[in-house]
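Trainee: Numbering (my numbering), first residue to last: 637 to 833.
Dropping the structure here:
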């Protein structure tokens, strides 16, 4: 009887290390459920801007950097909500080409998007001095990817005698070049897009 108990005890001891083993490779909690160990994608504001510039090529027309004062006083962006930004606009006042790229502080992307959308609407309402720019302003968009926010008013100009409807379609398509470039950079995510002015 003693011998049998010793054999059973030895067998139990031999199996004990196996009881704690399970396929937990790639898990964080040691459980049986596999957890993806792929790192979160890191985005770069500069890389996103470069993707937009590359998409437009020679038709990327902003030629002057816009500073913090311009964003605050002209565009109404509260810099307390901003972690990082890149902004460029036209050197010639008759043109409106503008790109504003903002990495908002965590959770504040929607707030910055609303500020830029308010600016966009105000710009449209006050663009009567340059009626030739109204279709381009109307085609502008504010798009967001989480806390990354972009104001796009870009693309070449149409100097033909096209109808108002044709002009609007043309400028809408020009804006979409930038939106598609951002979609591609951010992994084909569907962006939140502002309403039309």
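Glycine is no exception: its CB is placed at the ideal position from the N, C-alpha and C atoms.
Quick one: is residue 776 buried, meaning 16 or more other Cβ sit within 10 Å of its Cβ, or exposed?
Mentor: buried
Trainee: Here's a check: name, in chain order, each residue in its chain whose Cβ is nearer than 6 Å to the Cβ of residue 641, leaving out the five neighbours to either side.
Mentor: With a pLDDT of 40 at residue 641, under the threshold of 50, the modelled position of this residue cannot be trusted; read the value that follows with caution. Once the five neighbours on either side are set aside, residue 641 has no close Cβ partner at all.
Trainee: If you follow the alpha helix (DSSP H) that residue 795 is in, where does it begin and where does it stop?
Mentor: Looking at the DSSP string, residue 795 is not in any alpha helix (DSSP H), and its letter there is neither H nor E.
Trainee: The beta strand (DSSP E) that contains residue 759, what's its start and end?
Mentor: No beta strand (DSSP E) contains residue 759, which is instead part of the alpha helix (DSSP H) from 745-761.
Trainee: Output the distance between the C-alpha atoms of residue 756 and residue 735, rounded to the nearest integer angstrom.
Mentor: Between the alpha carbons of residue 756 and residue 735 lies a distance of about 12 Å.
Trainee: In whole angstroms, what is the alpha-carbon distance linking residue 907 and residue 802?
Mentor: Outside the shown range of the chain (637 to 833) lies residue 907, about which nothing can therefore be said.
Trainee: Within this structure, are the beta carbons of residue 741 and residue 681 separated by less than 8 Å?
Mentor: No.
Trainee: Short of 8 Å in beta carbon distance, which residues of its chain neighbour residue 720, apart from the five on each side in sequence? Order them along the chain.
Mentor: Once the five neighbours on either side are set aside, the close Cβ partners of residue 720 are 681, 738, 739.
Trainee: Can you tell me whether residue 694 is buried or exposed, with buried defined as 16 or more other CB within 10 angstroms of its CB?
Mentor: It is exposed - the Cβ of residue 694 has fewer than 16 other Cβ atoms within 10 Å.
Trainee: Rank 799, 702, 731, 792 by C-alpha distance to the C-alpha of residue 692 and give the top, closest one.
Mentor: 792
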